[in-house]
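Only one structure is covered here, and it is reproduced in the block below.
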Amino acid sequence: MDAQAQQLSRRFSAEAGYPRPGSYRLLPLNFMAAAAGDTRRYIVSNICGDYAVVRRDTLEALVSGNLSSASPEYELLRRKHLIFDDATRSTLNLVAAKYRTRTRSVANFTGLFLFVVTLRCNHVCPYCQVSRVSEDREAFDMTEEMAEKALDFTFRTPSSGIKIEFQGGEPMLNFPLIQFIVQRAKAKNRAAGKDLQFVAATNLSVATDQMLKFCAEEEILLSTSLDGPADLHNANRPKRGNNSYELTIEGIRKARKAIGHHRVGALMTTTEKSLHRVRDIVDTYVAHDFHQIFLRPLSPYGDAIRTKAFDRYTAERWVEFYKEGLDYILDRNKRGYPMKEAYASILLTRILTNHGTGFVNLQSPAGIGIAGIVFNYDGDVYASDEGRMAAERGDKTFRLGNILSNSYEEIMLSDSLLEPLAASLLESAPMCHECAFLPYCGADPDYHHATQGDFLGHKAFSGFCAKNMEIFRHLIGKLEAGGEDADILRSWT
Ligand code: SF4
1 MDAQAQQLSR RFSAEAGYPR PGSYRLLPLN FMAAAAGDTR RYIVSNICGD
51 YAVVRRDTLE ALVSGNLSSA SPEYELLRRK HLIFDDATRS TLNLVAAKYR
101 TRTRSVANFT GLFLFVVTLR CNHVCPYCQV SRVSEDREAF DMTEEMAEKA
151 LDFTFRTPSS GIKIEFQGGE PMLNFPLIQF IVQRAKAKNR AAGKDLQFVA
201 ATNLSVATDQ MLKFCAEEEI LLSTSLDGPA DLHNANRPKR GNNSYELTIE
251 GIRKARKAIG HHRVGALMTT TEKSLHRVRD IVDTYVAHDF HQIFLRPLSP
301 YGDAIRTKAF DRYTAERWVE FYKEGLDYIL DRNKRGYPMK EAYASILLTR
351 ILTNHGTGFV NLQSPAGIGI AGIVFNYDGD VYASDEGRMA AERGDKTFRL
401 GNILSNSYEE IMLSDSLLEP LAASLLESAP MCHECAFLPY CGADPDYHHA
451 TQGDFLGHKA FSGFCAKNME IFRHLIGKLE AGGEDADILR SWT
């Protein structure tokens, strides 16, 4: 080396001390603007849901292979399993293991079995998604023969857990059949040894002390509907006598006393009338000592379509309602009242942990049939509750067969199930396959069939996509902002 070269080399460290652009490899990842229309920051996620939020210039350097290993983002992206290098080759195995864990629910197979024990109901809710019939029409009750066959079907599942959910109409109007199913299921389970749970979705207005005693003895959880303060609840859930709210509150009080405070849950549905009332709705839940609320939009099925209730607000308006509600719930937490929003809790669990949530509408392939399945009052088997709601309006696309005339194999291998399942994989769906929220999201063939006449749906025009995408962004934005909101949200997983 001549003198000039020696002089130059003294100014530089040895080559090994420098970042080596291109020495890392990308793991399978997607990215998306952190806020709609804002191209400064991006959410980058891998196939098992690890994510990081980075600036655009970092993203450009990352994907072009020019990210310096000396940059602070390099370590973040390596730690989040978005890249690996020679020192972290084992990341590949780790990501594969996490992906297997996240998709385990597919192998677990069906765990939720809905028994529509009757279509009769004593309410006339205009947005009802199941097109209930009046109380006295016993032709709309499931028979013991159907229930027995449905239980035989249920216990064919390889899943180690079985949840039987009683639905209606108002299921308590056919309480003898609930008793029959519980006793027969428990008898069958003595040999099967599954983790067996029961829940009844009821408006509680006809629940007698004897019914509640049975629920307590047999450990049946109760889930009811509470749409908000009295005027809103009564407007949403009309009933002769206009006392639906009073009956629900009295039912909740009696049910809690009989089966235990925390064994009674409540759900709300957002109608057009609810849109300006989210604080009142949350306050009603607080006033009645609920520590969880599920802010749910209307679904495009049943009477919600016939009465046009579904069309009265847009996905964007609902997201506004949801964000206001979420902020208010966070505020109630900060003021000392612990409370979760259930949908955020499900999404955060998918974003922050490796556990599946079992939530049927957020699975890929879709959860229809293979996560949850429905036995209707007439013995027909549906891939989902939404599918049976659509059938009540004449669309039997998701009817898989009849429990009296079809075998387990015929039902589970029917084209009516396999076709929407095959079409529902997000990993091969336009838009979804390159979406940063893919690991947290799911396919909803019922929704897209109902709104677009297609199992997959064009996601650019999908209310399901618009709602989820904005909520994912909102939650990740709050987590990234840190502070008390982020701590509370993390505690919900
Ligand atoms: S439905 Fe929308 S938010 Fe969900 S993965 Fe597909 S594109 Fe992303």
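UniProt numbering applies: residue 1 is where the sequence shown begins, and numbers increase by one.
All C-beta atoms in this analysis are idealised placements derived from N, C-alpha and C, irrespective of residue type, glycine included.
Measuring only the C-alpha atoms, how far is residue i from residue j?
i	j	result
Pro430	Ile370	23 Å
Asp283	Asp415	46 Å
Leu204	Gly265	11 Å
Tyr328	Met142	42 Å
Arg41	Phe359	30 Å
Gly387	Ser23	51 Å
Gly228	Leu418	39 Å
Ser244	Ile281	16 Å
Pro19	Arg25	Caution is warranted here: a pLDDT of 49 is assigned to Pro19, below 50, making its placement in the model unreliable, and the coordinate value is therefore given only provisionally. Cα to Cα, Pro19 sits roughly 14 Å from Arg25.
Phe140	Thr118	6 Å
Thr353	Leu67	27 Å
Ala443	Asn30	18 Å
Lys334	Met469	26 Å
Ser159	Ala14	59 Å
Asn406	Asn122	32 Å
Ala87	Ile47	21 Å
Gly241	Tyr313	29 Å
Glu320	Lys340	18 Å
Cys465	Arg317	14 Å
Thr428	Lys194	Correcting the residue type first, residue 428 is Ser in the shown sequence and not Thr. Going by the C-alpha atoms only, they are around 34 Å apart.
Asn361	Ala383	12 Å
Cys432	Ile471	16 Å
Glu219	Gln197	8 Å
Asp395	Gln452	14 Å
Asn189	Glu145	18 Å
Leu347	Glu324	17 Å
Ile403	Lys149	6 Å
Thr157	Leu76	42 Å
His233	Leu226	7 Å
Can you tell me which residues form a DSSP beta bridge with residue i?
i	result
Arg40	Answer by DSSP bridge pairing: none, since Arg40 is not bridged.
Asn402	Asp380
Ala33	Tyr42
Gln363	Ala443
Val54	Tyr42
Gly49	DSSP lists no partner for Gly49.
Val374	Leu114, Tyr382
Phe175	Answer is none; Phe175 lacks a bridge partner.
Thr269	Arg296
Leu94	Leu94 is not bridged to any residue.
Ile83	Leu26
Glu341	Ile293
Val63	For Val63, which the question treats as bridged, DSSP gives no partner whatsoever.
Asp141	Thr118
I'd like the span of the alpha helix (DSSP H) that includes residue i, first residue to last.
i	result
Asn333	315-334
Phe455	It is not in any alpha helix (DSSP H) - Phe455 carries neither H nor E in the DSSP assignment.
Phe153	144-154
Ile368	Run containing Ile368: none; DSSP gives neither H nor E here.
Thr73	In the sequence as presented, Thr is not what sits at residue 73; that position holds Glu. Unbroken alpha helix (DSSP H) run through Glu73: 72-79.
Lys163	Where Lys163 is concerned, there is no enclosing alpha helix (DSSP H), although the beta strand (DSSP E) it sits in stretches over 161-167.
Asp485	483-491
Asn236	230-236
Phe214	209-217
Ala429	Looking at the DSSP string, Ala429 is not in any alpha helix (DSSP H), and its letter there is neither H nor E.
Thr248	244-259
Asn108	104-108
Glu409	408-412
Asp280	278-287
Leu204	Run containing Leu204: none; DSSP gives neither H nor E here.
Pro420	415-423
Starting from residue i, trace the beta strand (DSSP E) in both directions and tell me its first and last residue.
i	result
Asp195	195-201
Ser225	220-225
Phe113	112-116
Output yes if chain C places a C-beta closer than 8 Å to the C-beta of residue i; else output no.
i	result
Ala344	Looking for chain C here will not work: only one protein chain is present.
Any heavy atom of the ligand COA inside 7 Å of the beta-carbon of residue i?
i	result
Asp152	You won't find the ligand COA in this model; what it holds is the ligand SF4.
Around the ligand SF4, which residues pass a check of Cβ closer than 7 Å to any of its heavy atoms? Residues flagged by the Cβ proximity filter: Leu426, Ala429, Met431, Cys432, Cys435, Phe437, Leu438, Cys441, Lys459, Ser462, Phe464, Cys465, Asn468, Met469, Phe472.
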